[in-house]
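The opening residue of the sequence shown carries number 1 in UniProt numbering; numbering runs sequentially from there. C-beta: ideal position from N, C-alpha, C; glycine also. Quick caveat, the model's predicted, so the values are computed rather than measured. Here's the structure, in structure tokens; my notes come after.
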Amino acid sequence: MTDLVVNISSDESEEEAGIILNVRKVPTNPELPTQQVHSLSDEGGCTQIYSSNADDLYDDIAPAPSNSKGTKGKGLKRKSEGNSPENGKSIASVAAEKKTKKQKFLEEKAAKKAADEKNKMYKPGECMKHMRAEGHPSLWSRWYMSDVSRELAAAGARARHDPDVCDPALLVWSRTKPRTLQPTQGEVRLSPADERCDRALYITSAEEISELVSNHGLTPQLAQAQQLADCRLTLLLYRPHDFFKSNQRKTSNSNRMRVTEIELELALTDLLVSANCDTVVVNTPNELALAIVQFTKAIAEAPFKKARRECDEQAQFYMRGDNKKCVALDKDGVTGIGRLWQQMIAVLPQSSLETSRALCAKYPTPLALYQALQSSAVSEIAATGVSRAAAPGSRARRVGPEFARKLHTLFTAQSGDTLIE
Numbered sequence: 001m002t003d004l005v006v007n008i009s010s011d012e013s014e015e016e017a018g019i020i021l022n023v024r025k026v027p028t029n030p031e032l033p034t035q036q037v038h039s040l041s042d043e044g045g046c047t048q049i050y051s052s053n054a055d056d057l058y059d060d061i062a063p064a065p066s067n068s069k070g071t072k073g074k075g076l077k078r079k080s081e082g083n084s085p086e087n088g089k090s091i092a093s094v095a096a097e098k099k100t101k102k103q104k105f106l107e108e109k110a111a112k113k114a115a116d117e118k119n120k121m122y123k124p125g126e127c128m129k130h131m132r133a134e135g136h137p138s139l140w141s142r143w144y145m146s147d148v149s150r151e152l153a154a155a156g157a158r159a160r161h162d163p164d165v166c167d168p169a170l171l172v173w174s175r176t177k178p179r180t181l182q183p184t185q186g187e188v189r190l191s192p193a194d195e196r197c198d199r200a201l202y203i204t205s206a207e208e209i210s211e212l213v214s215n216h217g218l219t220p221q222l223a224q225a226q227q228l229a230d231c232r233l234t235l236l237l238y239r240p241h242d243f244f245k246s247n248q249r250k251t252s253n254s255n256r257m258r259v260t261e262i263e264l265e266l267a268l269t270d271l272l273v274s275a276n277c278d279t280v281v282v283n284t285p286n287e288l289a290l291a292i293v294q295f296t297k298a299i300a301e302a303p304f305k306k307a308r309r310e311c312d313e314q315a316q317f318y319m320r321g322d323n324k325k326c327v328a329l330d331k332d333g334v335t336g337i338g339r340l341w342q343q344m345i346a347v348l349p350q351s352s353l354e355t356s357r358a359l360c361a362k363y364p365t366p367l368a369l370y371q372a373l374q375s376s377a378v379s380e381i382a383a384t385g386v387s388r389a390a391a392p393g394s395r396a397r398r399v400g401p402e403f404a405r406k407l408h409t410l411f412t413a414q415s416g417d418t419l420i421e
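Okay, here's the thing in structure tokens:
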């Protein structure tokens, strides 16, 4: 490394021009310490500054214009302002602030991702993957339950054998959830992996409940099962088409008492009134499997539909019911705006597609039509020509004052209760 010599001279004839820097390299002087400014000597109007590092030279010396006559070397600065301790603290605080903002951004991004993953498990199409139908092994072994596992797998749900179910005829549902850390009484624990749903099925056949129907014990039996399950219960009853044809015949595998159709209907009605338990009757094993799949899908989509209903109830009208003759817009919100504006005019009374096309061609936006109605009232709108269908000999017509007056009322009325006649 070589030393630099900086000659700073002031010209008496050009005092207003400032200080002239003359930099040249000189051999390193071993007697001088490094990294510091060593001497300032004024010899014939020339100041010499020695330094062993060129970077320190430009950091330590900064020329500044002279504001007074005869001033020599007053534009020197020992250290730049960026290297002062006070500014050093500000730089550190800025770096810490940037680090804090970055960490906050990453935390918000992670929280948003976790919320999206949590909401994804409730959306239609994804919710069935997290559903699990649980029943006693003896329930799954019944012959009319043979198609249930296959249909559930085809729909995306899973069937699980659970010997801990309180009643062998019960079918309950649970939803798998991602486990998270939750504070509980000063301790941090993992959240449960499963969430039990608030609905259950009591699956049986008409032959199995014949004795209960005859002894009037169906309602107490279902009420007790509902109390054990601690959720709302639905009776899923398998009854073949020919169940009442041979009323007095007993099966070879059972000595149960047969009942009539009227007795069964009375028992199911009493069950609904007394225990608030509804009944679904199926006639084939495949219908039973499809009914279980329908219940599973309804329970899986229930949280999503509930949240959407709560959002809809905040409006003064049911927006999803007024979706006729709508125009789809792209995600960017630009494509389809023209067609939407055209459709808004076309659905008005006494309007037509040709009328809306003519008005949209003259007024591309609702604001343009609003400004025209404010300035020239209805005369300009009424004089707008409307081309008829492309038929030989057809003549053009006008929008007319009546429709223009309705548009004026629609766009300029101050009260929402104004009637457009």
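Residue i vs residue j beta-carbon contact at 8 Å
i    : j    : result
E287 : C127 : no
A200 : A159 : no
A346 : L353 : yes
Q350 : F403 : yes
A289 : V188 : no
P163 : P192 : no
D198 : T176 : no
D270 : A225 : no
T296 : A133 : yes
Q293 : A155 : Correcting the residue identity first, residue 293 is Val in this sequence and not Gln. Their beta carbons are under 8 Å apart, which means V293 touches A155 by this criterion.
C311 : G338 : no
L139 : L171 : yes
E107 : P178 : no
P285 : Y144 : yes
A382 : P366 : no
L329 : C277 : no
Supposed close pair residue i, residue j - CB separation, criterion 8 Å
i    : j    : result
A169 : T219 : 15 Å between Cβ atoms; not a contact.
S174 : R196 : 5 Å
V213 : V259 : 5 Å
V378 : V386 : In fact, because the Cβ distance is near 15 Å, the residues do not count as touching under 8 Å.
Q342 : R357 : 7 Å
Status (buried if at least 16 other CB within 10 Å, exposed otherwise) for residue i
i    : result
Y202 : buried
H130 : buried
K406 : buried
T184 : exposed
A110 : exposed
R142 : buried
L21  : Only weak support exists for where L21 lies, its pLDDT of 44 falling under 50; the value from the coordinates is given anyway. With fewer than 16 other Cβ atoms within 10 Å, it is exposed.
Y318 : exposed
I299 : buried
V334 : exposed
L181 : exposed
I420 : exposed
T204 : buried
L268 : buried
G135 : buried
L235 : buried
T355 : buried
V94  : exposed
Heavy atom of the ligand ATP within 7 Å of residue i beta-carbon
i    : result
R142 : Although the ligand ATP was asked about, the structure shown includes no ligands whatsoever.
Is the segment 258-271 close to the segment 208-225, with three or more CB pairs under 8 Å? Between the segment 258-271 and the segment 208-225 there are three or more C-beta pairs closer than 8 Å, enough to call the two in contact.
Any contact between the segment 365-382 and the segment 405-412? By contact I mean 3 or more CB pairs, one from each, below 8 Å. For the pair of segments examined, the segment 365-382 was found to touch the segment 405-412: the number of CB pairs separated by less than 8 Å reaches three.
Indicate whether the contact test is met: 3 or more Cβ pairs, each with one atom in the segment 277-285 and one in the segment 229-239, closer than 8 Å. They touch, by the three-pair rule.
Runs of alpha helix (DSSP H) wholly within the segment 146-231 (minimum 4 residues, chain order): Within the segment 146-231, the runs of alpha helix (DSSP H) that reach at least 4 residues and sit entirely inside it are, in chain order, 148-155, 210-214 and 218-229.
May I have a chain-ordered list of the alpha helix (DSSP H) segments no shorter than 4 residues that lie completely inside the segment 313-391? Secondary structure in the segment 313-391: the alpha helix (DSSP H) runs of 4 residues or longer, each lying completely within the stretch, are 337-346, 353-362, 366-376 and 379-382 in chain order.
Segments assigned alpha helix (DSSP H), at least 4 residues, entirely inside the segment 106-152: When DSSP assignments are scanned along the segment 106-152, the uninterrupted stretches of alpha helix (DSSP H) that are 4 or more residues long and fall wholly within it turn out to be 137-140.
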